[in-house]
Amino acid sequence: MAEAEPDRRDLPSDLCSEFVHFSAKDTASRWLAAADLQVELYRHLAEYVPKILCLGPSGCSSREEQRDEQREELACQLLLLAPLEWLLLGEDPATGLAQLQENNQPSPLCGHVFKVGEPTYSCRDCAADPTCVLCMQCFLGSVHKDHRYRMTTSGGGGFCDCGDTEAWKKGPYCQKHTPTTNKDSEEDPVAQLPVDLVARSCSIFSIILKYAVDMLTWTQEDQLPEGLEPPERGDNYYCMLFNDEVHTYEQVIYTLQKAVNCSQKEAVSFATTVDRDGRKSVRYGDFLFCEQAKTVIVRNTSRQSKPLRVQVMHSSVVAHQCFALKALSWLGQIIQYSDGLRRILCQVGLEEGPEGENSSLVDRLMLNDSKMWKGARNIYHQLLMNSLLMDLKYKKIFAIQFAKNYRRLQTDFMEDDHERVVSVTSLSVQLFTVPTMARMLMVKENLITTIIRTFVDHLRHRDLQGRFQFDRYTAQQAFKFGRVQSLIGDLKYVLISRPSEWSDELREKFLDGLDAFLELLKCMQGMDPVVRQVGQHIEMEPEWEAAFTLQMKLTHIISMIQEWCSTDERVLIEAYRKCLGAVSQCHSGLPDGEQPISLNLAGHCVETFRYQVSQDKVSIHLPVCRLLAGLHVLLSRTEVASRLPEQLPLGELSPPLLIELPLRCLVLCAQVLAGMWRRNGFSLINQIYYYHNVKCRVEMFDKDIIMLQAGASMMDPNHFLMIVLSRFELFHIFSSADCRKRYRETNKDLVQQNNTLIEEMLHLIIILIGERYVAGVGQVEPFDEVRREIIHQLSIRPMAHSELVKALPENGNKETGLERVIDSVASFKKPGVTGRGLYELRPEWNKHFNLYFYHYSRADQSKAEEAQRKLRRQNGDDTALPPPVPPPLCPLFASLVNLLQCDVLLGVEGAVLQWAMEPKGGGWTESMLQRVLHLVGMALLEEQQELENNNGEDDITFNYTSKITRPGEAPSTSGSVLALLESLQNAPHLEVHKDMITWILKMVSNIKTIRERTSSISAVTISHGHGLEEMIRDKDKAERKRKAEMARLRREKIMAQMSEMQKHFINENKELFQQTLAELEASTSADAEHSSSSSEASCTSQVCVGPTRVGRGAERRQLVTCILCQEEQEVKCHGKAMVLAAFVQKSTVLSKKRCCSSSNTEQHDPLFMHPDLSMGIHTASCGHIMHATCWQSVDTEMQPHIFMDRKKDKKKVL
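Okay, here's the thing in structure tokens:
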């Protein structure tokens, strides 16, 4: 500093003489004999502390400062600390401390406190969670050095977890800390100490700790606590500058140069010390001299923000505060020698004072944490870790006190501007990550509810609906929002370890916490809604990052809550009920739904309400719905839904409401892709990006898909798809009478938008039916899900390990599961010139490639498609990319496959295929056709799987091939899907899709062959005694049936072509057609008159059975179609027998004597039922005509099923 100051840093001459004549032993003896030890001790401190510490301004160079610090340390040790050690031990400290250490049975806990930048090691195989770390010495001496481990640098404040059995699944001890004896953990280490030592340590620890707490929490700048006033008080003051996290280095340096007239080098030194230690004296002198510097500093730093904190403090106050820190450090060193002394210090620190609650010394330190400077905080935090956190008994007591004061501590932290690492709230990681401790705090202090409510209380900015609103945040509110996120980390610590056993109290408190968490999610449900901008571009980009930051922070919390629910059936059922109620509340608050509408398509009708994503508000944030989706999957995965259906509120489920909000979100993504939201700016594009991004998709996009799958599995598939069409705003296209003749829009942009929406809708249907690699949706394990992700990433191109890790989502333990499966699906190619090794997909896994994998972006999909087609060409295969064989669905989702064979989807497929018949025109795209072909392939694979897995006892319910061979029924009649595919197979403009269409037609043929083989095997098995002739006849029949079917398909194809030619001809010759039509009507009316006149005679003459039967008259040629084989047959006497199926039963309708039976039944005509009979015969028929051989085959197949059904009915009756 530039001021000319007298150098007062050298020790005074009277103090130097004290060194010569001072005896620590004699001083300790005098203290021991005193009536009041605290008074005597305070008198000694009041005399010597101001003489030793803070004697003047800092040295001008670092070397001088270092020399001054050494002098102070020496004086403190000789004049202040040595007497305390003599008093404590009652003998020479060197001897006494050595004896204590020799007799001590140390705790197996290492407890090494990490410094900033020190390396830490965590075992990825054995650590209970990522916060469990080892210091270098313990790591090198443990079994974990040979495991998979993660090395990081410490931010300071934590300590080594070696010896903590709850922190490690195995290998909790290193070689150094392995317990040598089976010491009883409940044994009190204080009992191992001499009684007099215990008494002295209690007194000394209490006095010194109280002195330190008083001085560190002291707020007066020129006064001292009673008993510490110095004998001589001079006008010596310090101008103390305190650290904050608001002002920059440059601002502080510039201000100091002006305030204290120092050089830039000195100002940099001051700023560096303030940042490291939390405070620094920048001027020394009388009060007015220091006050002048304070005024300049405050004035220069208060223009743009709050001013720097500056205090003018008396030198004696500063000296005692400095010694208080040295006293705390001394206590931390002393207790390292003996666990007994550590426990005594814990007792003293947590002993409640006369003021009652929160009056213990530790409580006073915690509650005044935000008022202390950084250096003081660091020292007392380290003492807490060396004492309370190393003693398991008092660690629990401290944890309870910490939890009780949690809300106040966090509130103080929010108002503070220091980093969390120097806040007492950072100790939560040491307490909440211990599973037994976390469960205890949940039960006793309702910890989860406390954390969540504290978090919600600090986010007060809401809209009119009570949802979080971040778009109007000021800089101060944004800063506070950044700090409040640390509470989410505390909640993660509590939930990071799932309980293996549940108590009633734990269930109750966890569900209470779930209620609070649902309230938090309801504040997020629907936040940041967007409305499509039309006409004018949005003027200012809205704030969106804060909402997504909150979502990312909560992602692992939501997953952990679901994992907790999965470990207990009662908790899962109750959580599902609560979440369903929250979803109902969110839906009841929606403004839409006031205009009900009725949708009709393909002979089906569904009631819904009018809503358009392109016109109304829509939000991408739906955490309540997504949590319900996760719990719904757990009901399936844990089989609770099938075992305990009566305990679930399934009757309260409304599938249309469940799918509504997730469907809107997916439609929004499709419309953004179609370019309909360009005027909404980049904020919406960024939201869509993160919605699909690996950091958020697990609890956003993936859960929306699951919710739609759940809703579709509980709804009529036609109704579901009609609602999907309505929300995609495509219903008018497919519901028109001539939808297969695509409308010609003059607006090319509208046509392009609709084409993109149709593509995305078809893609969504593919995803809903095909994405089953979630445990609970499909019958898979988490292992399969990770493997599938890796397969599809490597299908794009070979990748490095780091690329694969980034592409996979992490769980709460920062693990992706990559190492467990990578070697089974990929081979590692050693690094070459590029310098990095790559993983390549093994050839046998290429068959699992799905072109429409739901985590692909459009760019990834295009690259993967190109790579796979190139690979197939190199292998000499066709370029078709058929869908892979999917895993079976779980029972709760089993009805999803019915989407593939429902009338609405068949109508959509038929329409797209019909559009594709036209080589030119913008009414369809190749991507649209490719998706339809993929859906057809998925349906054929489902049918093939069902046929192959059928053991003959169950009916085949999936009959897709029979439905695609029938002509379309609605919305307009046309050729069947199969006929259209055959027509498209050789279309020159669809050469790129030829291989896929060929694969589909082969699949259809294979399925028909399987069906025939299944029916023939079944017939042979059931009628084993019918002989070889019967088998040959059945084979011939099957062959004839197959040929007839092929002929029918050819005829259908020709008829479809002829129909198109006829329509074209009629359009060109309208006049001729009208004339012919009039003649045809006249002819038809004449035939009708002739028919009516001859009908009576026909009815009386065609009697073929009975005494009044007539002989054969003029034969009329009659063609009928067998309802079973669909083969046309002319009815002839010597032709194949044609039969009707009839049901014959007893009837008493026309009987006069129902109670008594006639004894002379032989007198009555068997062909005429006499009314005297007690009962007659009633025969009913559906009127369908069949070949007799076809009927016999079907009847033979059905007999075992009828027999089994009757047995089941008998069991039910019994």
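Residue 827 in numbering that gives the first Met the number 0 sits at position 828 of the sequence shown, and the numbers go up by one each step. Backbone N, C-alpha and C fix where the C-beta goes; we use that ideal spot for every residue, glycine too. None of the values given here were measured: they were computed from a predicted structure.
- Counting other Cβ atoms within 10 Å of its Cβ, residue 790 reaches 16 or more and is therefore classed as buried.
- If you look at residue 840, you'll find it in the beta strand (DSSP E) that goes 837–840.
- In this model, residue 208 and residue 328 are separated by some 11 Å (Cα to Cα).
- If you draw a straight line from the Cα of residue 854 to the Cα of residue 756, it comes to about 19 Å.
- A straight-line Cα-Cα distance of about 24 Å links residue 410 and residue 433.
- About 7 Å separates the CB atoms of residue 277 and residue 241; that is less than 8 Å, so the two are in contact.
- Between the segment 206–221 and the segment 308–318, the count of Cβ pairs shorter than 8 Å is three or higher; the stretches touch.
- In the DSSP annotation of this structure, residue 826 is not part of any alpha helix (DSSP H); the continuous beta strand (DSSP E) holding it starts and ends at 825–828.
- Distance between residue 100 and residue 336, taken at the CA atoms: about 5 Å.
- Taking the Cα positions, residue 264 is about 38 Å away from residue 484.
- Short of 8 Å from the beta carbon of residue 1184, and not among the five residues preceding or following it, lie these beta carbons of its own chain, in chain order: 1119, 1120, 1121, 1122, 1137, 1138 and 1139.
- Straight across, the Cα-Cα distance linking residue 898 with residue 1187 is about 36 Å.
- Of the candidates 787, 812 and 811, the residue whose Cα lies closest to the Cα of residue 803 is 787.
- Here residue 248 is exposed: its Cβ has fewer than 16 other Cβ atoms, across all protein chains shown, within 10 Å.
- Ranking 733, 880 and 894 by CA distance to the CA of residue 771 puts 894 first.
- Leaving aside the five residues that flank residue 679 on each side, the residues in its chain whose CB is nearer than 6 Å to its CB run, in chain order, 532 and 537.
- When secondary structure is reduced to three states using DSSP, residue 148 falls in the strand class.
- Straight-line spacing of the CA atoms in residue 161 and residue 403 works out to 28 Å.
- Residue environment: residue 448 is assigned as buried (16 or more neighbouring CB atoms within 10 Å of its CB, all protein chains considered).
- Residue 130 carries a coil assignment under DSSP once its states are collapsed to helix, strand and coil.
- The Cβ-Cβ distance between residue 646 and residue 585 does not fall below 8 Å.
- Residue environment analysis places residue 69 among the exposed positions, since fewer than 16 neighbouring C-beta atoms fall within 10 angstroms of its C-beta.
- In the assembly as shown, residue 1125 is an exposed residue. Its beta-carbon has fewer than 16 other beta-carbons within 10 Å.
- In the structure shown, residue 714 adopts coil according to DSSP, grouped into three states.
- In this structure, residue 1145 and residue 1174 form a Cβ contact; the two beta carbons are roughly 5 Å apart against a cut-off of 8 Å.
- Inclusion of residue 450 and residue 514 in the CB contact set at 8 Å is not warranted, their separation being larger than that value.
- Between residue 682 and residue 541 the beta-carbon gap is near 5 Å, inside 8 Å, which marks them as a contact.
- By the Cβ neighbour-count rule, residue 905 is buried, with 16 or more other Cβ atoms within 10 Å of its own.
- Closest by C-alpha distance to residue 940, out of 929, 1005 and 892, is 1005.
- The shortest CA-to-CA distance from residue 931 to any of 887, 881, 889 and 399 is the one to 881.
- Burial of residue 494 is indicated by the presence of at least 16 other C-beta atoms within 10 angstroms of its C-beta.
- By the Cβ neighbour-count rule, residue 958 is exposed, with fewer than 16 other Cβ atoms within 10 Å of its own.
- Judged by pairs of C-beta atoms under 8 Å, the segment 913–926 does not touch the segment 856–869, as fewer than three such pairs exist.
- Of all alpha-carbon atoms in 211, 362 and 268, the one lying nearest the alpha-carbon of residue 375 is that of 211.
- The distance from the Cβ of residue 812 to that of residue 306 is about 44 Å, inconsistent with a contact at the 8 Å cut-off.
- Nearest to residue 266 by C-alpha distance, out of 255, 1178, 272 and 24, is 255.
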